[in-house]
Amino acid sequence: MSTLLKLTGIVKSFGGVQALKGVSFELKAGEVHAIVGENGAGKSTLIKTITGAHQPDSGVMEIDGQAVHHPTPSQAKALGVAVIYQQPALFGDLTVAENISLGLERGGAWRKINWNTRHKRARELLGRVGANISPETFVRELTMPQQQLVEIARSLGTNARILILDEPTASLSDREVDHLFNVIRDLKKHGVGMIYISHRLEELPQIADRVTVLRDGTYVTTRPMVEIDRAEMIRLMVGRELSAIYPKINLPLGEVVLETRHLSCSESGVSDVTLAIRAGEILGLAGLVGAGRTELARVLFGLTPADGGEILLRGKSAVISQPADAVSLGIAYVPEDRRRHGVILEMPVSANTTLAILRNIASVSWLHFKKEKQIAESFVERFGIKTPSIAVPVGNLSGGNQQKVSLARWLATEPKVIILDEPTQGVDVGAKAEIHKLMGELAAKGLAILMISSELPEVLGMSDRIAVMHGGRVLKTLDRTEATQEKVLELALGHTAAEVAA
Amino acid sequence: MSTAVLNPVGLLPRHGLLQRYKRELSVLAAYLALLLLLVVRAPRFYSSNEFKSILVNNASVLVLAVGMSLVILCRQIDISVGSQLSICGIVAGLAAKHGLPMPVAAMVCLFAGAMMGALNGVLIAFVNLPSIVVTLATMVILRESLRWGRSGEFVQGLPKGFQWFGFSQDAGQWVVVGLAVGVFAVFAWAMRNLSAGRTVYATGSDQEAARLAGIRPRLVTFVVFTIMGALAGLAALLNVVRFPSVDPKSGEGVEMQVIASVVVGGIAISGGRGSLIGTLVGVMLLGTTRPALPFLGSEAYWDKALQGLIILLAVASDALYARKKGRM
């Protein structure tokens with residue numbers, strides 16, 4: 039088999055963070071090559087490098103033995119690279135035939151469209167992926183798996199020889215998976231090389247020929263699929279010592295502050311979550327991206343109110359139907375993606391700090407500028423927020439300092455429970471350590487902390503207990519002493535407790 | 021580099037009052053330049069009663085612009101204010117004609133405005149429709165139902181206490197101006213000093229972030245539109261008491277003047293940024309250009325073109341400033 043794609047020593051940094059530290063990878067014609075790794079191992083960055091969305095800082099990429107320097111997305115496409123994302127990226131209001139023909143037909147904006155050829159070609163390409171779909175259907179009327187097939191058909195139309203499948207089975211039923219695998223096997227026969235990314239490790243032996251493991255942006259190994267089993271893969275994916283020192287203090291835990299019983303929200307897919315957090319406790323919420331952790335936080339904060347089960351605060355049943363309810367009950371939520379909604383970038387540090395303690399519009403309470411200044415300045419000092427003045431718009435601060443302002447806003451409400459969603463995502467190492475220290479101090483003061491984190495070492499290092507979520511459910515809550523990276527990852531991948539024990 | 025760009029001479033303190041109101045001050049500078057030009061070229065402008073009548077004629081525009089400032093700060097728009105103004109004027113006239121004492125007639129007028137504003141508010145905040153579409157619809161609906169109800173007829177034979185609130189013309193004029201300035205002052209103070217004011221800024225800056233901070237953006241939006249309506253009622257009153265009879269078309273086209281004043285005054289059309297001080301200067305600048313043109317030897321009909329130019333300049337300077345800021 040000839041080599042289609044070869045990457046050697048790819049390095050890519052964002053800001054100060056190295057996402058890829060010299061990764062090598064090879065794809066042969068007619069091969070399915072799986073890439074596995076934890077959240078943040080560098081899978082997406084690697085894919086984006088291949089598709090030309092990111093330019094590598096150094097390293098060589100070869101397609102068909104020809105070095106490709108600084109590939110652009112259109113260049114990569116011309117060389118036969120195509121990606122099928124987990125969420126199909128089609129135009130819902132156009133027909134299947136129109137979607138397939140986009141980018142395939144030559145000619146400018148004024149060319150005359152030949153509908154017959156267009157439909158004929160669409161039918162032929164759909165036939166190749168075994169999809170029984172009329173080219174005249176609107177894409178929004180199709181199911182997810184059907185849309186996926188349309189995408190594959192489209193990529194075949196571009197004569198793609200390097201097909202990247204990003205979590206293609208994440209939302210498919212078993213029968214749909216079987217059908218997809220048949221399509222993949224057929225493509226293999228035609229010499230298409232496929233990069234297959236999946237968190238469902240158990241399906242890899244059915245479909246993959248080789249597997250490459252990435253960890254923290256580094257290349258770990260490449261093995262033939264028949265020589266490796268699931269346990270070994272997980273061991274390689276984790277494979278690091280808990281080297282960073284987390285300032286976790288063991289505290290005597292207080293009474294239960296927040297409790298949920300069979301909490302569900304059909305809108306966001308959270309189902310049957312039973313948890314309890316005590317005063318002074320840090321409960322880590324682990325899981326893969328899309329496991330329902332942020333969704334659970336949003337239910338607890340009233341953003342997508344629960345439609346089943348119960349929330350209890352200090353033993354009393356509570357109704358949380360909007361964020362204002364949660365705030366008045368003493369729940370605080372520091373959201374993920376602070377750039378978008380954690381702080382208001384145009385407002386100064388002072389106004390951001392006091393935003394959550396403003397009463398709602400119905401009250402016409404005065405703003406005490408002196409008091410506001412005091413509060414803001416005390417937080418700036420306590421958290422070491424680096425800002426020239428509290429009158430500076432938060433948009434001018436660095437990510438770590440914005441995160442601290444977001445945290446300050448919520449601590450100003452003097453909450454009983456604080457939900458931290460990816461509190462250290464995208465902040466530098468120094469700020470990260472400071473935020474961890476702060477969390478320890480807050481717990482020591484009796485705050486109950488629910489921490490969502492995709493970083494396993496952080497979860498294991500900071501939490502008293504770890505609840506692992508998968509598919510909107512909490513599969514198991516592990517104690518600090520019994521939790522290991524392997525166990526948490528096994529659960530996060532959706533293996534039940536019984537399997538883990540075995 | 022940032023301070024060098026924003027503060028080329030180093031004269032402005034970095035975060036002081038001058039810095040905070042830089043945008044407003046530059047509009048004020050433009051306005052003062054216009055006034056100075058009039059001093060040099062047409063001193064007659066000041067000796068005639070022109071300046072006072074500018075104040076009186078723009079009292080209702082100022083009141084509307086205060087409401088519109090809130091609406092735009094909230095990242096919304098209300099183009100139905102002209103129709104609201106017409107209807108409220110008629111309501112005030114009819115109420116007074118039917119023998120209601122003037123203070124009661126005024127309350128009825130404000131209430132009518134608040135109801136129309138609340139209707140907009142419900143549709144925008146709770147039904148979640150875009151404000152430009154909702155208020156375009158209510159603008160047409162209100163205007164056409166008024167045409168249908170009154171068939172263009174003026175309200176005449178008003179009681180004595182109606183025109184100038186029963187005061188002499190001179191005193192009445194000062195009452196009109198005083199009320200407008202009073203309303204402006206109250207709102208300018210409240211937007212800065214009440215927590216309610218800040219929730220408007222927060223909602224307009226980032227609705228989702230505001231919601232995450234425990235603010236109720238829908239409620240804020242609804243209240244803002246209701247206030248806009250009530251202020252349209254007050255503006256209608258200040259507008260119609262200038263005449264012995266009420267014109268059913270008194271508000272037509274006023275929405276554009278109001279929105280233009282707010283934008284020129286520096287409130288960002290994308291919400292969350294700007295101050296009411298700027299609105300005051302914007303109203304004065306646009307309100308002065310039309311009467312000033314004849315004095316400067318130009319035809320009055322150039323007024324609209326000049327106003328358009330001023331709006332473009334204001335918006336362009338905002339865009340340039342934003343680009344500079346984005347680069348640092």
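So the sequences go chain by chain: F and S.
Throughout, this note's numbering is defined as the position within the first sequence, counted from one, plus 38.
Throughout, this note's numbering is defined as the position within the second sequence, counted from one, plus 20.
The C-beta atom is built at its ideal place from N, Cα and C for all residues, glycine as well.
Discussion item. Taking 7 Å as the threshold (C-beta atoms), are F:Ala160 and F:Ile138 in contact?
Written reply: yes
Worksheet item: Since S:Arg293 meets chain F, which of its residues come closer than 7 Å, beta carbon to beta carbon?
Response: Glu384
Item to complete: Report, in whole angstroms, the separation of the C-beta atoms of S:Ser399 and S:Ser106, which I expect to be a contact under 8 Å.
Response: One cannot answer for residue 399 of chain S here, as it falls past the ends of chain S, which runs 21 to 348.
Discussion item. So, for S:Val301: in the same chain, excluding its five sequence neighbours on each side, which residues have a beta-carbon less than 7 Å away from its beta-carbon?
Written reply: Glu44, Val47, Leu48, Tyr51, Gly285
Fill in: Straight-line gap, F:Pro206 to F:Leu225 (C-alpha atoms, nearest Å)
15 Å
Discussion item. Under 8 Å, with one C-beta from each stretch per pair, do the stretch 68-79 of chain F and the stretch 94-102 of chain F reach the 3-pair mark?
Written reply: In this structure the stretch 68-79 of chain F does not touch the stretch 94-102 of chain F; the number of beta carbon pairs closer than 8 Å is below three.
Fill in: Residue interval of the beta strand (DSSP E) (run including F:Tyr257)
Boundaries of the beta strand (DSSP E) around F:Tyr257: 256-262.
Worksheet item: When DSSP builds the beta bridges, which residues end up paired with F:Phe63?
Response: Bridge partners of F:Phe63 according to DSSP: F:Leu45.
Worksheet item: How is S:Leu156 classed by DSSP in three states: helix, strand or coil?
Response: helix
Worksheet entry | Buried or exposed (CB count within 10 angstroms, at least 16 for buried), F:Glu520 | exposed
Worksheet item: How many Å lie between S:Phe204 and F:Gln440 at the Cα?
Response: 35 Å
Worksheet item: If you run the structure through DSSP and keep just helix, strand and coil, what is S:Phe187?
Response: coil
Worksheet item: Does the stretch 377-396 of chain F touch the stretch 440-456 of chain F, meaning 3 or more C-beta pairs lie closer than 8 Å?
Response: The stretch 440-456 of chain F is in contact with the stretch 377-396 of chain F.
Worksheet item: Which same chain residues, not among the five before or five after S:Leu149, have their C-beta less than 7 Å away from its C-beta?
Response: Take S:Leu149, set aside five residues on each side of it, and the residues of its chain with a beta-carbon closer than 7 Å to its own are Leu143, in chain order.
Item to complete: Find the nearest neighbour of S:Leu296 within the set S:Leu93, S:Gln39, S:Ser68, S:Leu37, judged by alpha-carbon distance.
Response: Residue S:Leu93 is the option with its Cα nearest to S:Leu296.
Worksheet item: Can you tell which of F:Leu128, F:Lys81, F:Val61, F:Thr133 has the C-alpha that lies nearest to the C-alpha of F:Val98?
Response: F:Val61
Item to complete: Put F:Gly438 into one of helix, strand or coil per three-state DSSP.
Response: helix
Item to complete: Measure from the C-beta of S:Arg218 to each C-beta in chain F and report whether the shortest distance is under 7 Å.
Response: Taking 7 Å as the threshold, the shortest C-beta distance from S:Arg218 to chain F falls below it.
Worksheet item: Applying the criterion that 16 or more other CB atoms from any shown protein chain within 10 Å of the CB defines a buried residue, is F:Ala269 buried or exposed?
Response: exposed
Worksheet item: What did DSSP end up calling F:Phe176 once you bin it into helix, strand or coil?
Response: F:Phe176 falls in the strand class under three-state DSSP.
Practice prompt. Could you have a look at S:Leu149 and say whether DSSP puts it in helix, strand or coil?
Written response: coil
Discussion item. Please confirm whether S:Ser337 has its beta-carbon closer than 7 Å to some beta-carbon of chain F.
Written reply: Answer no: the Cβ-Cβ gap between S:Ser337 and chain F never drops below 7 Å.
Discussion item. Need the endpoints of the beta strand (DSSP E) that F:Met507 sits in, please.
Written reply: Annotation for F:Met507: the continuous beta strand (DSSP E) segment containing it runs 503-508.
Worksheet item: In this structure, does DSSP put F:Arg248 in helix, strand or coil?
Response: The answer is strand: DSSP assigns F:Arg248 an E or B state.
Fill in: Three-state secondary structure assigned by DSSP to F:Ser304
coil
Discussion item. Classify F:Val526: buried if its beta carbon has 16 or more other beta carbons within 10 angstroms, exposed otherwise.
Written reply: buried
Worksheet entry | Cβ pair S:Leu139, S:Ala312 closer than 7 Å | Between S:Leu139 and S:Ala312, the C-beta spacing is not below 7 Å.
Fill in: Contained alpha helix (DSSP H) runs [length at least 4] in the stretch 135-217 of chain F, N- to C-terminal order
153-166, 182-195
Worksheet item: Which same chain residues, not among the five before or five after S:Leu156, have their C-beta less than 8 Å away from its C-beta?
Response: Ile99, Ser100
Worksheet item: So which of S:Ala79, S:Thr309, S:Gly317, S:Lys180 has the shortest CA-CA distance to S:Ala325?
Response: S:Thr309
Discussion item. Tell me the DSSP secondary structure of F:Leu480 in three-state form.
Written reply: In the displayed model, F:Leu480 falls within a helix according to three-state DSSP.
Worksheet item: What did DSSP end up calling S:His118 once you bin it into helix, strand or coil?
Response: S:His118 sits in coil when the DSSP states are folded into three classes, being neither helix nor strand.
Worksheet item: Using the beta-carbon of each residue, which ones in chain S are nearer than 7 Å to F:Ala394?
Response: Those are Ala233, Gly234, listed as they occur along chain S.
Worksheet item: Is it true that the CB of F:Leu301 sits closer than 7 Å to the CB of F:Ala344?
Response: Their beta carbons are under 7 Å apart, which means F:Ala344 touches F:Leu301 by this criterion.
Practice prompt. Spatial neighbours of S:Asp267 within its chain, please: CB distance less than 7 Å, with the 5 preceding and 5 following residues excluded, ordered by chain position.
Written response: Spatial neighbours of S:Asp267 in its own chain (CB-CB distance under 7 Å, excluding positions within 5 residues in sequence) are listed in chain order as Phe174.
Practice prompt. Taking F:Glu374 as part of the beta strand (DSSP E), name the residues at either end of that continuous run.
Written response: Looking at the DSSP string, F:Glu374 is not in any beta strand (DSSP E), and its letter there is neither H nor E.
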